[in-house]
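Here is the structure we will look at, set down as structure tokens.
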DNA sequence: AAGTGGTCTAGACCACTGA
DNA sequence: CAGTGGTCTAGACCACTTT
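Protein chains in written order, with our numbering: chain A, -19 to 214; chain B, -19 to 214.
And the structure:
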């Protein structure tokens, strides 16, 4: 019995509710008391109970529906999350020196798949950039990026040898939503060469696409050095 | 101008604040007005502004500190998140039939690396299980799992041919925290055979370790079929 | 139609932390 | 020490959904 006896912070209320679920007082699928009832039971305001329940629902432990009430999730869907920092910061956090090299810079009409993905109008040129990121002078990440210059015209004025597209975009272009896909792949010749590894080495690839309201911003494929681990918290 | 002119929901307030940041009215690193000032400016209660700012902070767009105030993040650290469902649910969500096959079940003293990872005492047997999960009768995921039977003794009574360890644990054992690591690897012979792919195929591997308070629960390595994508939202 | 969660408000006190 | 965010309260109204 380490929990404080009569604390009214929403976290304490949340702990008490979670305990009821973990100790199977309330079984999966079962309806739990309403907010007003819990507030009375815990001796706090309904607002506080609401906060506790709302955050529990966001972790997937409970399901809430108006009128239907709150139920212990039948299939607790766990949410994992991680922060995605700028690559430079990611390297420097390990006390290593960071550098990068721009190896391709083109303003071209993108191929059809990119056009479709970023919803770029026909015959509109976009910025295509390849960058290698180094950690302590060793290749670390290979970056293949398309930037929608209709949305982000300013980037054409930037010297991407001085600041990486990754960092410039993060600092100058907020986005409203995005998608992040992770998969395993074999290194293609060009990527393998840039990362100084054998062809057919298994690599972790992340593909991120971001949007500013209805307009696409950028699509970037990152190939990580073999053995790289992407870490999440549950 | 699609946003409603004078709505006082916290989301509307949040949109207005986000707009100020995205339109560079408030620059990165800059102090933004305090909650009371914003509440007055937007004509709403401070609580509402607080909610809006709190959720913005959780996405990494702003940094908040007591007394120091709220600043636009200099290096916006984006958080990605995804839900991790039970494998059966994951398959069935695609309208495919799910099945699994238990191919190894052993109660043994784990090797040192597992002992250390799960903090299992010397010479204590743990449960080691290998399972192949099928999507529409084709191998989908290869699962290699250790369960700490000191923490979860009940699982020894379960027939893991009837319900997968994955599903039983999710339904019966809540956990308090966990770690989730994703990496690329080459299929070893045993995994390749089970997934019916060539040796040296690049696979996505996720390793999850979960804890119930201070006690380890389970460590599970999942090898996904080649081409599998793990998707996150930003 | 009614019950439940979702949210807003106004006011208050607290906790942290920078000056 | 003083200012800022963090939270609690009590009451109210609203929105969604199931009955």
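Cβ atoms here follow ideal geometry from the backbone N, Cα and C, with glycine treated the same way.
For clarity, every value in this text was computed on a predicted model and none was experimentally measured.
Query raised in the report: Run through DSSP, which three-state label would residue 63(B) get?
Result: strand
Requested in this report: Mind checking the segment 190 to 213 of chain B against chain A and listing, in chain order, the residues whose C-beta falls within less than 9 angstroms of any C-beta there?
Outcome: Considering only beta carbons, the part of the segment 190 to 213 of chain B lying closer than 9 angstroms to chain A consists of 190, 192, 204, 206, 207, 208, 209, 210, 211, 212, 213, in chain order.
Query raised in the report: Quick one: which chain A residues come within Cβ less than 9 angstroms of residue 69(B)?
Result: 55, 57
Query raised in the report: Quick one, which residues of the segment 121 to 142 of chain A are near chain B if we go by CB-CB under 9 angstroms, in chain order?
Result: none
Query raised in the report: With 16 other CB atoms within 10 Å as the buried threshold, where does residue 199(A) fall?
Result: Classification of residue 199(A): buried, given that the 10 Å Cβ count is 16 or more.
Query raised in the report: Residues of chain B with a CB under 9 angstroms from the CB of residue 63(A): which are they?
Result: 40, 57, 58, 59, 60
Query raised in the report: How many Å lie between residue 46(B) and residue 16(B) at the Cα?
Result: 14 angstroms
Report task. Less than 8 angstroms between the CB atoms is what I'm expecting for residue 161(B) and residue 197(B), so what's the real figure, rounded? Result -> About 16 angstroms separates the two Cβ atoms, so there is no contact after all.
Report task. Give, in chain order, every residue of the segment 149 to 182 of chain A whose Cβ lies closer than 7 angstroms to some Cβ of chain B. Result -> 150, 151, 154, 157, 158, 159, 160, 161, 162, 163, 164, 165, 166, 182
Query - C-alpha gap between residue -17(B) and residue 192(A), whole angstroms - result: Model confidence at residue -17(B) stands at a pLDDT of 35, short of 50, so the residue's coordinates are unreliable; what they give is reported in the following sentence. Approximately 15 angstroms between the Cα atoms of the pair.
Requested in this report: Evaluate contact between the segment 101 to 108 of chain B and the segment 163 to 178 of chain B, counting only Cβ atoms and requiring at least three cross-stretch pairs below 8 angstroms.
Outcome: no
Query - Close-in-space but distant-in-sequence residues of the same chain around residue 40(B) (CB under 8 angstroms, 5 per side omitted) - result: 53, 56, 57, 58, 59
Query - Reference residue 186(A); option with closest CA among 147(A), 132(A), 121(A), 129(A) - result: 121(A)
Query raised in the report: Going by C-alpha distance, which of 141(B), 21(B), 97(B), 9(B) is nearest residue 111(B)?
Result: 141(B)
Query raised in the report: Counting only runs that start and end within the segment 147 to 179 of chain B, where is the beta strand (DSSP E) found for 3 or more residues in a row?
Result: Taken in chain order, the whole beta strand (DSSP E) runs of length 3 or more contained in the segment 147 to 179 of chain B are 157 to 166.
Requested in this report: Rounded to whole angstroms, what's the CA-CA distance from residue -15(B) to residue 19(B)? Just pull it up for me.
Outcome: For residue -15(B), the predicted model reports a pLDDT of 42, less than 50, meaning its position is unreliable and no value from the coordinates is stated.
Report task. For residue 188(B), count neighbouring Cβ atoms within 10 angstroms of its own Cβ and tell me buried if that reaches 16, exposed if not. Result -> buried
Report task. Would you be able to state if there are at least three C-beta pairs under 8 angstroms between the segment 128 to 142 of chain B and the segment 155 to 171 of chain B? Result -> no
Query - Supposed close pair residue 100(B), residue 174(B) - CB separation, criterion 8 angstroms - result: About 26 angstroms; that fails the 8 angstroms criterion.
Query - Under the three-state DSSP convention, the category residue 46(A) falls into - result: coil
Report task. Report yes if the C-beta distance between residue 164(B) and residue 202(A) is below 9 angstroms; otherwise report no. Result -> no
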